[in-house]
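A short write-up of the structure that comes next.
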Amino acid sequence: GDFRYTSAMQCEPALRGRHIDRLYLDNTHCHPRRALPSRALATRQAARLIRAHPQHHVVIGVYTLGKETLLVDLALEFSTWVVVSPWRLEQMQLLELPDVFTAEEGAGWIRAVDVAEIRWDTLVTWNTLHPTIAIIPTGRPVKVTHPNIHLIPYSDHSSFAELREFVKWLKPCSIIPIVKGDMCQGYFQEYLSSAPQVLPDFKDTKPVQESGQQQSQRRGQKPTSLWKRALQSSAPRGVAYESPEKNTDKPQVFTDIKVHQHYCEPALCSKEGCTCYRGDKEELSGKQLGTAGAASVSSEHLAAGFAEQYLLTPLNVLKQNSSQTFDQLVEDFFRKGDTP
Numbered sequence: 001g002d003f004r005y006t007s008a009m010q011c012e013p014a015l016r017g018r019h020i021d022r023l024y025l026d027n028t029h030c031h032p033r034r035a036l037p038s039r040a041l042a043t044r045q046a047a048r049l050i051r052a053h054p055q056h057h058v059v060i061g062v063y064t065l066g067k068e069t070l071l072v073d074l075a076l077e078f079s080t081w082v083v084v085s086p087w088r089l090e091q092m093q094l095l096e097l098p099d100v101f102t103a104e105e106g107a108g109w110i111r112a113v114d115v116a117e118i119r120w121d122t123l124v125t126w127n128t129l130h131p132t133i134a135i136i137p138t139g140r141p142v143k144v145t146h147p148n149i150h151l152i153p154y155s156d157h158s159s160f161a162e163l164r165e166f167v168k169w170l171k172p173c174s175i176i177p178i179v180k181g182d183m184c185q186g187y188f189q190e191y192l193s194s195a196p197q198v199l200p201d202f203k204d205t206k207p208v209q210e211s212g213q214q215q216s217q218r219r220g221q222k223p224t225s226l227w228k229r230a231l232q233s234s235a236p237r238g239v240a241y242e243s244p245e246k247n248t249d250k251p252q253v254f255t256d257i258k259v260h261q262h263y264c265e266p267a268l269c270s271k272e273g274c275t276c277y278r279g280d281k282e283e284l285s286g287k288q289l290g291t292a293g294a295a296s297v298s299s300e301h302l303a304a305g306f307a308e309q310y311l312l313t314p315l316n317v318l319k320q321n322s323s324q325t326f327d328q329l330v331e332d333f334f335r336k337g338d339t340p
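At position 279 of the sequence shown (counting the first as 1) the number is 279 in the working numbering, and the numbers step up by one without a gap.
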């Protein structure tokens with residue numbers, strides 16, 4: 001992640017006198033030409049700019065994360081709230097930052113917005129309402145499209161000089177830059193420790209890639225083919241239950257469907273009306289209850305409370321259609337899907 005080195009880190013007990021095998025280094029600004037002032041100096045530069053525009057509102061462009069320290073410092077420096085969006089306010093509260101942020105519009109004259117909102121057209125609109133300047137704190141090169149947009153060299157990534165000082169002090173055995181590139185390694189080679197590494201050499205693992213034939217086969221598959229494959233699979237896929245409130249209609253027709261009663265031990269339950277009451281009922285089926293295999297089954301043949309509330313969705317479909325009709329509906333569905 002982002003890392004900004006300061007010399008105060010050398011006083012950290014967790015870092016002093018340690019043997020470091022491998023250092024994952026934030027090398028975002030790993031180039032001799034990427035000179036950056038410290039964050040404290042950049043904050044003072046932003047404060048001077050704001051003081052030079054005492055009658056202006058100030059809009060600061062920030063990313064989703066980062067630059068929170070700058071916002072807090074400016075709020076305390078000028079004794080004003082920093083107005084942010086409601087979701088960003090929740091984020092600041094989760095970070096347990098000082099209470100200088102608010103989502104109330106107009107409560108303060110410094111606002112923090114997404115950096116993408118700092119554009120020529122938005123500056124024109126803001127200045128028609130009230131004189132406004134915009135500040136973009138960044139270490140990256142940015143094109144300025146309006147005279148009221150000001151860049152401040154504030155970064156949460158270490159400068160080149162800070163990186164060299166950090167590596168020289170820590171003396172790791174090896175460096176792994178988080179931004180890929182071979183150029184960075186040469187700048188720190190002289191500061192690496194010659195002590196033997198405890199950990200083995202790091203090697204990149206390449207993900208297994210599909211062959212061109214496999215990709216073309218997968219892309220050429222129709223959705224209906226995937227549905228058919230899923231239906232043909234013998235592995236259980238789980239079931240979807242209907243909401244009990246929606247399943248209140250009386251059962252209509254069952255065909256060739258056995259409904260098994262579930263009984264528990266009489267010693268455990270003998271209360272009449274319970275789902276596990278034994279009674280004198282036997283297993284029932286559609287064939288036994290009517291001729292032509294399509295007679296209706298009333299809810300009294302099902303365990304109390306089960307038929308009306310906890311039937312599976314496929315059974316509800318069969319209650320409305322015979323098995324032959326249901327099979328025909330499925331075949332028609334796939335036949336339509338295969339039609340170009």
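A virtual CB, placed ideally from N, CA and C, is assigned to each residue, including glycine.
If you check the beta carbons only, do residue i and residue j fall under 8 Å apart?
| i | j | result |
| --- | --- | --- |
| L71 | A107 | no |
| P343 | F188 | A query on residue 343 cannot be resolved here, the shown segment of the chain reaching from 1 to 340 and no further. |
| I136 | L151 | yes |
| Q197 | D2 | no |
| G139 | H157 | yes |
| L36 | P153 | yes |
| M92 | E68 | yes |
| N27 | P177 | yes |
| E105 | V82 | no |
| T80 | W120 | no |
| I50 | V58 | yes |
For residue i, list the residues DSSP reports as bridge partners.
| i | result |
| --- | --- |
| P137 | I152 |
| F101 | V82 |
| T145 | Partner(s): none; T145 has no beta bridge. |
| G61 | V113 |
| L25 | P177 |
| T132 | H57 |
Assuming the contact rule is C-beta atoms closer than 8 Å, residue i and residue j should be a hit. Round their C-beta distance to whole Å, please.
| i | j | result |
| --- | --- | --- |
| H29 | S194 | With 8 Å as the limit, H29 and S194 do not qualify as a contact, their Cβ atoms being about 27 Å apart. |
| A103 | P131 | Actually they do not touch by this definition, with Cβ atoms about 23 Å apart. |
| L163 | L41 | Actually they do not touch by this definition, with Cβ atoms about 17 Å apart. |
| A134 | G61 | 6 Å |
Give the single residue among the options whose Cα lies nearest to the Cα of residue i.
| i | options | result |
| --- | --- | --- |
| V100 | D26, V115, I118, L74 | L74 |
| E77 | I149, I110, L170, W169 | I110 |
| E190 | G66, R39, E12, P172 | P172 |
| R18 | W169, S7, P177 | W169 |
| T6 | R39, E90, P98, A134 | R39 |
| N148 | I178, W126, R88 | W126 |
| L15 | W120, V167, L89, Q55 | V167 |
| D114 | A52, R88, Y63 | Y63 |
| E165 | E331, Q328, A8 | A8 |
| L192 | T325, R335, I175 | I175 |
| H56 | R335, L129, D327 | L129 |
| R34 | A47, C184, T325 | C184 |
Could you have a look at residue i and say whether DSSP puts it in helix, strand or coil?
| i | result |
| --- | --- |
| G186 | helix |
| D121 | helix |
| V259 | With a pLDDT of 42 at V259, under the threshold of 50, the predicted position of this residue should be treated as unreliable, and no value is reported. |
| L74 | helix |
| S296 | Only weak support exists for where S296 lies, its pLDDT of 42 falling under 50; the value from the coordinates is given anyway. In the structure shown, S296 sits in coil (DSSP, three-state: anything other than H, G, I, E or B). |
| G1 | coil |
| A8 | helix |
| H301 | For H301, the predicted model reports a pLDDT of 43, less than 50, meaning its position is unreliable; a value from the coordinates is still stated below. It is helical. |
| A230 | Bear in mind that a pLDDT of 45 at A230, under 50, signals an unreliable position, so the number given afterwards is only what the model happens to contain. Looking at A230 - three-state DSSP - the assignment turns out to be helix. |
| I50 | helix |
| V115 | helix |
| Y241 | With a pLDDT of only 41 at Y241, under the threshold of 50, the placement of this residue in the model should not be trusted; the figure read from the coordinates follows. Looking at Y241 - three-state DSSP - the assignment turns out to be strand. |
| A14 | coil |
| R33 | coil |
| A195 | coil |
| L41 | helix |
| K168 | helix |
| A161 | helix |
| E331 | helix |
| E96 | coil |
Closer than 7 Å to a non-hydrogen atom of the ligand MG - does that hold for the CB of residue i?
| i | result |
| --- | --- |
| S7 | This structure lacks the ligand MG, and indeed carries no ligand of any kind. |
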